[in-house]
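Colleague: In the numbering used here, the protein residues as written are 1 to 594. My questions will all concern the structure given below.
Below, the structure written as structure tokens:
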């Protein structure tokens, strides 16, 4: 907050004349002080639109900068407006990149942003990047430009390797958090673990589960010994359970642990047969989150029993467990709030979850086999059990091969506080497998009864009726994902005209064409982005959209590296997004910006 100066104490000569501050200045001082307490991005954005003075005050008090699309605004515009930023969160590629729907070398480079931040915010403390093409040069630039950096998190990023990690470890002396989640990391044969300073450090969180090659375990063990503040550690699958034991003995203060492979090394017998894993877990009295369990050996599951009662988060999404194995663990987890699991546990395993985890708020059930023709292990039986037993549920992601309207309707009634409902019925156009009816009534019940719903993913056999329900009742839905659904363009028309808060719309393999977008142009301006792939959009129509919406960027590409030439040709993918900067300059050849 700006300070007004005042003269106090004895003076020589005539007393100074006190000039009261300008009323506008006083108002801005008070306003800045109040805005410091606004932490919600949406509230801050609303405050900045009140008037010019609120716009200026909000910019001066914003310390956390969130950029949902790195192409929606330019680095110069952002740094010119916000002068006191300490934390940056930035996203690059659309979410469908996670499913391999974006060809290689699409873009999302943070290099110009890092250069701008280095000039404007040399005091930057936190950088989070998601779905971006981060190079070793970028990581070196970060490590040399921000001496106060203490938190770097990379999620679903690619193009960097152990050389870049070595720069971070050696140069960022204030580092407290270095987290890598679902990144593609190259093996440059550089020992990045050894690059951390030999002195005691401030490290609080170190996560590298996604690194798919061995690390220097001895160096990691020594690093833990000089990291007294370490609370979160997630190791990769090359760390065996006997090595994990050594790490836990050195760091009993851990609150979050990624276990690695959870199988013994080849020299397990007889060298380590006397290790008491249960005692090692019991000594970690603060442990509330467990993940990892890659290549799990179920015989070691009893070792985690001592900490199960304290767990609020458990991730078995890589553990090939059956219902009996899961039940032996989950019966101890009465305080669980977040649970991820593979569908190999079957409906019986989900029944065990429902009977024990009454405080569960987030559930994700992933398929071990994502092929459309696989039989699957879970069904409407498991979903129904969860809805009846876990009535505090707020978010669910559920992959299955068959479902019924009655089970989805029951969930909408039993869990009315749902914010996120993502039901992925694998296989195309699959109806209610008992009545053979479309899944319209089930999804209709979700948007009718779950009045706080903000994110929805639909699947199965759906007619336009389901989308009419969404448009009529889904007034708070911000993100909608659609696959293999709908009869005609009316389906999307219902959604675009009926969901005033819709920001992100993702559509694939659906029969939607030019007319729906042509009739809904005004509604697209309010959205952050629209993604449509394998639909029925023509190049000529996309050109017209771009002409009529100059403040939206329209990108099209077809089948990887093919060039788009024929004006009546169907485009493979349309990506349309809001941007204050206009078309980007780093698009690859197969992307045509209209």
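Here a beta-carbon is modelled for each residue, glycine too, at the ideal position from N, C-alpha and C.
Measuring straight from C-alpha to C-alpha, what distance separates residue 321 and residue 359?
Modeller: Looking at the two C-alpha atoms, the distance is approximately 23 Å.
Colleague: From the DSSP output, which residues share a beta bridge with residue 398?
Modeller: Its beta-bridge partners are 365 and 423.
Colleague: Excluding the 5 residues flanking residue 287 on each side, which residues of the same chain have their C-beta closer than 8 Å to its C-beta?
Modeller: So the qualifying residues of the chain are 254, 255, 256, 257, 281, 307, 310 and 311.
Colleague: Thinking residue 609 and residue 418 are a contact (beta carbons under 8 Å), I'd like their distance in whole angstroms, please.
Modeller: With the chain covering 1 to 594 only, the question about residue 609 has no answer from this structure.
Colleague: According to DSSP, simplified to helix, strand and coil, what is residue 405?
Modeller: In the structure shown, residue 405 sits in a helix (DSSP, three-state: H, G or I).
Colleague: Roughly how far, in whole angstroms, is the beta-carbon of residue 482 from the beta-carbon of residue 510, given that I think they are within contact range, below 8 Å?
Modeller: Yes, they are in contact, since the Cβ atoms of residue 482 and residue 510 sit about 6 Å apart, within 8 Å.
Colleague: Taking the alpha helix (DSSP H) that residue 470 falls in, what are its first and last residues?
Modeller: Here the alpha helix (DSSP H) through residue 470 covers 464-473.
Colleague: Straight-line CA distance for residue 544 to residue 351?
Modeller: Their Cα atoms are separated by approximately 53 Å.
Colleague: Rounding to the nearest angstrom, what Cα-Cα distance links residue 383 and residue 517 in this structure?
Modeller: Computed Cα separation, rounded: 35 Å.
Colleague: Between the region 84-93 and the region 569-582, are three or more C-beta pairs nearer than 8 Å?
Modeller: Touching, no.
Colleague: Given a cut-off of 9 Å, decide if residue 513 and residue 497 are closer than it, judged by their beta-carbon atoms.
Modeller: No, these two residues do not count as a Cβ contact at 9 Å.
Colleague: Per DSSP, what are the beta-bridge partners of residue 289 in this structure?
Modeller: Residue 289 is bridged to 256 and 313.
Colleague: Roughly how far, in whole angstroms, is the beta-carbon of residue 374 from the beta-carbon of residue 400, given that I think they are within contact range, below 8 Å?
Modeller: Contact flag wrong, Cβ pair sits at about 11 Å.
Colleague: Quickly, what does DSSP pair residue 123 with across the bridge? List them, please.
Modeller: BP columns for residue 123 are empty, so no partner.
Colleague: Where does residue 106 fall in DSSP's three states?
Modeller: The answer is coil: DSSP assigns residue 106 none of H, G, I, E or B.
Colleague: Kindly indicate which three-state DSSP category residue 136 falls into: helix, strand or coil?
Modeller: Three-state result, residue 136: helix.
Colleague: Using three-state DSSP, classify residue 340 as helix, strand or coil.
Modeller: Residue 340: strand per DSSP, three-state reduction.
Colleague: Between which two residues does the beta strand (DSSP E) containing residue 457 stretch?
Modeller: Taken as a continuous stretch (DSSP letters only), the beta strand (DSSP E) holding residue 457 covers 455-458.
Colleague: Distance, Cα to Cα, residue 391 vs residue 332?
Modeller: If I take the Cα positions, the gap works out to 19 Å.
Colleague: Taking the alpha-carbon of residue 244 as reference, which of 466, 548, 480 and 290 has the nearest alpha-carbon?
Modeller: Comparing Cα positions, the closest option is 290.
Colleague: Entirely within the region 508-559 and at least 4 residues each: give me those alpha helix (DSSP H) ranges in chain order.
Modeller: Counting whole runs of 4 or more residues, the region 508-559 contains the alpha helix (DSSP H) stretches 514-519, 521-524 and 539-548.
Colleague: How would you call residue 582, buried or exposed, if buried means at least 16 neighbouring beta carbons within 10 angstroms?
Modeller: With fewer than 16 Cβ atoms within 10 Å of its Cβ, residue 582 is classed as exposed.
Colleague: Could you say which of 367, 371 and 414 lies nearest to residue 386 if we only look at CA atoms?
Modeller: That would be 414, whose Cα lies nearest to the Cα of residue 386.
Colleague: If you draw a straight line from the C-alpha of residue 462 to the C-alpha of residue 376, how long is it?
Modeller: So the two alpha carbons sit approximately 21 Å from each other.
Colleague: Hey, how far is the Cα of residue 212 from the Cα of residue 179?
Modeller: Cα-Cα distance, rounded: 15 Å.
Colleague: Measure the alpha-carbon distance for residue 194 versus residue 169 and round it to whole angstroms.
Modeller: For residue 194 and residue 169, the distance between alpha carbons rounds to 8 Å.
Colleague: If distances are taken between C-alpha atoms only, which option among 405, 454, 412 and 460 comes closest to residue 429?
Modeller: That would be 460, whose Cα lies nearest to the Cα of residue 429.
Colleague: Can you pull the DSSP bridge partners for residue 487?
Modeller: Paired residue(s): none; residue 487 is not in a bridge.
Colleague: Quick one: Cα of residue 68 to Cα of residue 200, how far?
Modeller: Computed Cα separation, rounded: 36 Å.
Colleague: Would you report the Cα separation of residue 51 and residue 214, rounded to the nearest angstrom?
Modeller: Computed Cα separation, rounded: 56 Å.
Colleague: Between which residues of its own chain and residue 277 is the CB-CB distance below 8 Å, once the five residues before and five after are set aside?
Modeller: Excluding residues within five positions, the ones whose Cβ falls inside 8 Å are 241, 245, 300 and 303.
Colleague: Taking 9 Å as the threshold (C-beta atoms), are residue 363 and residue 409 in contact?
Modeller: No.
Colleague: Keeping to the same chain, check which residues put their C-beta closer than 6 Å to that of residue 501; ignore five residues upstream and five downstream.
Modeller: Here the set comprises 476 and 478.
Colleague: How is the beta strand (DSSP E) around residue 234 delimited, first residue to last?
Modeller: Where residue 234 is concerned, the enclosing beta strand (DSSP E) stretches over 232-235.
Colleague: Excluding the 5 residues flanking residue 455 on each side, which residues of the same chain have their C-beta closer than 6 Å to its C-beta?
Modeller: Cβ neighbours of residue 455 beyond the five flanking positions: 420 and 479.
Colleague: With a 10 Å radius around its C-beta and 16 neighbouring C-beta atoms as the bar for buried, classify residue 71 as buried or exposed.
Modeller: So residue 71 ends up on the buried side.
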